[in-house]
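The structure appears right after this line, and notes come after that.
2 protein chains.
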Amino acid sequence: MEGINMSLNHVILGLLNREPLTGYEIKKIIQSTPFMHWSGNNNQIYKAVAELLDKGLVTKEVQHQEGAPSKNIYTITDDGIKELKSWLLSDTDEPVFQKQILIKLAFANLLKRSDLESMLASYADAIKMQAVLSEKELDKCYFAEQEASGKNVFLDLIRENIMNFYSSELKWVQKVKEYIATLPDERNIPTEAAMKKENNEVGLTMNYQVMETSGKKYLYLTSKEPLIQSEQEAHDIITLCFEHDTYAVLMEGDNFSDDFVKLRTGLAGAVLQKFGNYIKVAVIIKGEQNYPERFKEMVSELNTRNNTFRIFTNSEDALSWLLA
Amino acid sequence: MEGINMSLNHVILGLLNREPLTGYEIKKIIQSTPFMHWSGNNNQIYKAVAELLDKGLVTKEVQHQEGAPSKNIYTITDDGIKELKSWLLSDTDEPVFQKQILIKLAFANLLKRSDLESMLASYADAIKMQAVLSEKELDKCYFAEQEASGKNVFLDLIRENIMNFYSSELKWVQKVKEYIATLPDERNIPTEAAMKKENNEVGLTMNYQVMETSGKKYLYLTSKEPLIQSEQEAHDIITLCFEHDTYAVLMEGDNFSDDFVKLRTGLAGAVLQKFGNYIKVAVIIKGEQNYPERFKEMVSELNTRNNTFRIFTNSEDALSWLLA
DNA sequence: GAACCCATGTAACTAGTTACATGATTCA
DNA sequence: TGAATCATGTAACTAGTTACATGGGTTC
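Sequences listed follow chains A and B, in order.
Just so we're aligned, residue 1 is where the first sequence starts under the UniProt record's numbering, counting upward by one.
Just so we're aligned, residue 1 is where the second sequence starts under the UniProt record's numbering, counting upward by one.
Take a look at the structure:
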């Protein structure tokens, strides 16, 4: 009662007030709830519950399981409920933000107009992604599963707040872009960034279709040029996915770009990591190619282990894996 | 060049790119720039510049001053400029927020409707204050003083972003309030919080006038009831100040509230701290009162030392101190 | 057989905060 | 006299992160 400052402890009390949970469950809930800004790492959670136990705000019940690690199930006490209520009634922290973009903008006089434009474009992309991700997380988060018993009426308001945050940031970016467009430019030729943006928006190097097979939606991309020439291309593909609300991509082409198959360029690694975070990609390469040995090794390793990026030689295998 | 992660270091490079600065100056700038979220404490700044010096991104010049501590003036190097540019061109961090209110709202089914209402009302007040404070800080921040040499065209965009953050939060709070109003209540009588809100908005217990003397604006508050009966009252006064864009208050009354003069209640301490953060208050108490000894001691101590809250017995002294 | 999920926990680290120490000058 | 500002810096702490260790179970 004396002084718990960290609100993480109170959040845990709030969760336990709904039902008894194990440390692991608490961790999973916090990690999957986008408006709880903690990473929810073990260290914090287990330390926090130990502290709560110490202060008598929760009780622990050890449940042994045959052939599985035993669980520590935590239950809130009356003192815990009291503490939780007093936290809820106490002054609420002001909302805070951290926007690196504002800091960079303050130093923007160092940048060329084209650099500024590409900075804003990729910032906008990142926000779009973040917004869609947050929304998905919200829909499947712990608080969304309460419909049975009374349902949490406030989740919609929370969602609105979060979506509002991202959408007003996007509107602001748009405004900044417009402002920048009015600035006198060094040269009056269309800048590299402006060209990139057009590519991005009309998909110059790639054709895409939104497909639906046996109730599952995916993006079908074809290209006559070598596939995945840059990180930007990967970025564009992910953005495209979010815009069409799908997470599966079928790509078809004759071969990969040189940079992609040369592992030392790091392009393949960076791109696979980006894909892995957001989408599942199946690539169909028609005909044998003369790829470097190390790339072939990676491909064969990928095709047995990785389940977010695989390379195939025919559509059937590709599709059945993609939509599995 | 290898790996500076912390963007604080880059911000320092950005500042030094405009002009050479001392550690102390860097600290002051960061502290007074609302979109730089670091507290800008000594430890961080001096450690950061030492690191930059170590990596050869800045140079140090010691300038001895007679009868003053010697300054270490830091200047950015060519490598430093290179590093700064590469940071500006690198991927921008996504915007992040921390809103305790969302977490509390997720657990709001524990609260009575009246508690929810007062929570939202005080949250809204805090945001209003924060917004006005940020705007003032922005106007007098380092980046605002660039008009002479080229002026920073981006500050307005930054201001817009920040103000937008607060105003959309306020709009959202309004929406939540409206939603809550539609919920079936336990009892249908006007709740305590709703009454408080009305008081707050029409100023029932106090009369106030906005005064202007020799070009300086202040708020003149009079009350027939004992002054400062609650922390809420102090909060309301501060809000009122911000709404009228002034920071000076002249209060007049017959006596203080009992809770205020009993130091052990902690009310006086809490209120003076709140005032001290935002406004300057002169209180005129007509006629001697029988206050506790310890309160009198505090008053006499205040009247010699404190320069944000003082107690007077006549208007002339009060006004001349307040507007000094 | 490798990777991943459940479930617990610890070690080592980074980032950031408050508070203190020093010492001169200015201001009331 | 004491308080604030300038100017440097350190100590001790809180909060939060990544990475590791363990060990059984399931899935590919």
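Idealized CB from N, CA, C, for every residue including glycine.
In this structure, Leu219 of chain B places its C-beta atom within 8 Å of the C-beta atom of Val249 of chain B. Using a C-beta cut-off of 8 Å, the region 96-112 of chain A makes no contact with the region 21-34 of chain A, since fewer than three inter-stretch Cβ pairs fall below that distance. In the structure shown, Ser7 of chain B falls within a helical segment according to DSSP collapsed to helix, strand and coil.
Cβ-Cβ distances below 8 Å link Leu21 of chain B to Leu15, Ile29, Ile73, Tyr74 in the same chain, with the five nearest sequence neighbours on each side left out; the list follows chain order. Rounded to whole angstroms, the Cβ separation of Val283 of chain A and Thr308 of chain A is 12 Å, and the two are not in contact under 8 Å. The alpha helix (DSSP H) runs of length 4 or more contained entirely in the region 122-191 of chain B are, from start to end of the chain, 155-182. Contact check for Met129 of chain A against Phe242 of chain A passes: the beta carbons are separated by less than 8 Å. Three or more Cβ pairs closer than 8 Å define a contact, and the region 75-84 of chain B meets that threshold against the region 43-58 of chain B. DSSP places Thr265 of chain A in the helix class (H, G or I) of the three-state scheme.
Listed along chain A are Ser7, Thr92, Asp93, each with a C-beta nearer than 7 Å to that of Gln100 of chain B. The contact set of Asp115 of chain A on chain B, defined by CB atoms closer than 7 Å, consists of Leu89 in chain order. Cβ-Cβ separation between Phe143 of chain A and Leu155 of chain A: approximately 5 Å, consistent with a contact (criterion under 8 Å).
Against Asn17 of chain B, the close residues of chain A are Phe107, Leu110, in the order they occur along the chain (beta-carbon pairs closer than 9 Å). At least one CB atom of chain A sits nearer than 8 Å to the CB of Asn161 of chain B. CA-to-CA, the gap between Asn41 of chain B and Glu25 of chain B works out to about 12 Å. Taking 8 Å as the cut-off, the Cβ atoms of His37 of chain A and Gln98 of chain B count as close. With fewer than 16 neighbouring CB atoms inside 10 Å of its own CB, Glu66 of chain A falls in the exposed class. Remark: C-beta atoms of Ala234 of chain A and Val271 of chain A approach each other more closely than 8 Å.
Rounded to the nearest whole angstrom, the CA to CA distance from Gln229 of chain B to Lys286 of chain B is 18 Å. Minimum Cα-Cα distance from Ala324 of chain B among the listed residues B:Tyr278, B:Ser214, B:Ile238, B:Leu227 corresponds to B:Ser214. Look at Met119 of chain A: its C-beta is under 8 Å from a C-beta on chain B. The beta carbons of Ile180 of chain A and Glu117 of chain A sit closer together than 8 Å. With fewer than 16 other beta carbons inside 10 angstroms of its own, Thr182 of chain A counts as exposed.
Considering only B:Ile158, B:Ser7, B:Lys216, the residue with the shortest C-alpha distance to Trp87 of chain B is B:Ser7.
In this structure, DSSP gives Glu301 of chain B a helical state, which the three-state scheme calls helix.
Taking Ile76 of chain B as reference, the option from B:Val96, B:Pro292, B:Gly23, B:Gly269 with the minimal CA-CA separation is B:Gly23.
For Glu252 of chain A, the uninterrupted beta strand (DSSP E) segment begins and ends at 248-253. Asn290 of chain B sits exposed, since fewer than 16 C-beta atoms from the chains shown fall within 10 Å of its C-beta. For the C-beta of Leu157 of chain A, the chain B residues within less than 9 Å are, from N- to C-terminus, Leu102, Leu105, Trp172, Lys175, Val176, Tyr179. Out of B:Val11, B:Pro184, B:Ile127, B:Ala124, the CA that lies nearest to the CA of Val49 of chain B is found in B:Val11. For Ser122 of chain A, the nearest beta carbon of chain B is closer than 8 Å to its own beta carbon. Closest option to Met251 of chain A, judged by alpha-carbon separation, among A:Pro292, A:His64, A:Ile279, A:Pro184: A:Ile279. Scanning chain B for C-beta atoms nearer than 9 Å to the C-beta of Met36 of chain A yields Leu102, Ile103, Ala106, reported in chain order. Runs of the beta strand (DSSP E) lying entirely within the region 95-123 of chain A, each at least 3 residues long, are 96-98 in chain order. According to the DSSP assignment, Glu212 of chain A belongs to the beta strand (DSSP E) that extends over 207-213.
Residues of the region 125-136 of chain B with a C-beta atom less than 9 Å from some C-beta of chain A are Ala126, Ile127, Met129, Gln130, listed in chain order.
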